[in-house]
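Here is the structure we will look at, set down as structure tokens.
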Amino acid sequence: MEDVKQTAKGGEGTAAEKGYLLAYDKKEQKVKGVKGIAANGDLETIEANEQNKGDFVRVDRFGNFFTNFGKNFMYQYNHPTRFSLYRMPEDTPVEQAARKIEEAQLPQNESIRRELSRENRIYNNHLFNEREINWEQAARYGITPELLRQTGDMERMLQGRQSGRAFEISMNTELGRQNGDAKLSLFRDENGVAKFDLHFIRQAPKVGQEYRGYKIEEDVLEALNRTGNAGRTIDLVVDYRTGETKPCYLSKDMVTNEMFFLPADQARCPRKIKDYTLSDSEYADYVAGKEVPIIFKSVNGKTCNTSIQMSAAERGTEFLWERSTRKPEKKQEVETEKAANSAKKPSKRTKTSVTPKM
């Protein structure tokens, strides 16, 4: 427990950059102060008031769970979907902060919710915990936690996403022992138990094939086969009971050919990706579902060139990497080249002589 607090309090910084951690308990519909993580993985909370403020975990403004709690925090946390977590500025009275967070949960206070989501919300992007996975079930498929860690798929699956690769699955069925390649994901049954879902490779979609009330057009299929995303929003049936139709992002898994949709009004479209800020025209294309080339620096300082696109399969922004079809404009290099060329040009006040070539 003490180690967690020491990690959270690490680092200097101005008063504006320092803050304390509050949690909104969705089950009890109440804001609580966060003391840390107990040995059993439960979130330790206390009454959210000024008197208890000294016991709250401190979180830097630009910190997140990995930097403030250590890399293993997400794997220790037992209830990743029960709490919404907020970093509140140090000088904000606790009762005032708690009241604002609770008000933000009400449907009529959308503006408050957006403000908190933008400025104070700490996003816990894990929907599952490694310890709650039924590894006995996984073993029947030939899957082990070591294998998922080696391939990097453990993190994706804990976030509620599919594995990045297909695994050879062997399982007993009524027809005998069946083998096939499938991607993996996790879901919760009606009792909240985490279970594996298998996504086997299926036939590729064709022009004219219907998907949620939409007949796939040639240009959309071409885009799906090229980048995995439709490249624009498409009106799809989102509720078969009511027949409600909404503009949606449409994607196809490049390995299994499974189709995915995401209503555009449910998508988070940030203006800043890594350290790259989208221009107005780039942002408009990005929101429209188009491929947008960007240049950014990775955590190790390496310059990366790729394209981003809204993906229904990834439930948000996707980095296309080798599937990028557009090259980013090398703005810095262009500006540097222009400056170099300008330096080479003679001044208008200086006469120059040119020696003719022989």
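What the sequence shown shows, in numbering that gives the first Met the number 0, is residues 0 to 357, in sequence order.
Where a beta carbon is used, it is the ideal one built from N, C-alpha and C, also for glycine.
{"Query": "Can you check whether the CB of L20 is closer than 9 Å to the CB of R57?", "Result": "yes"}
{"Query": "Can you check which of these residues, K271, Y282, Y285 and V93, is closest to K296 by C-alpha distance?", "Result": "K271"}
{"Query": "Let's see if you can read the secondary structure: which residues bound the beta strand (DSSP E) around K29?", "Result": "K29 to I36"}
{"Query": "Answer yes if the region 120-134 comes into contact with the region 156-168, meaning at least three C-beta pairs across the two stretches below 8 Å, and no otherwise.", "Result": "yes"}
{"Query": "I'd like the list of long-range same chain contacts for E94, defined as Cβ closer than 7 Å, with 5 residues on each side in sequence excluded.", "Result": "N48 and E49"}
{"Query": "Determine whether the beta carbon atoms of D234 and K251 lie at a separation below 9 Å.", "Result": "no"}
{"Query": "Helix, strand or coil: how does DSSP classify D24 here?", "Result": "strand"}
{"Query": "Going by DSSP, name the residue or residues bridged to S306.", "Result": "P292"}
{"Query": "How many angstroms separate the CA atom of F195 from the CA atom of F259?", "Result": "18 Å"}
{"Query": "Report the rounded CA-to-CA distance for P269 versus N171, giving the unit in angstroms.", "Result": "45 Å"}
{"Query": "Does DSSP put E200 in a helix, in a strand, or in coil?", "Result": "Reading off the sequence, residue 200 comes out as Ile, not Glu. It is coil, neither helix nor strand."}
{"Query": "Return the CA-CA distance between Y275 and S169, expressed in angstroms with no decimal places.", "Result": "44 Å"}
{"Query": "For S310, collect the residues of the same chain with a Cβ closer than 6 Å to its Cβ; drop the 5 residues on either side in sequence, then sort them by chain order.", "Result": "N228, S250 and E317"}
{"Query": "Just verifying my parser: in three-state terms, what is the DSSP assignment at V236?", "Result": "strand"}
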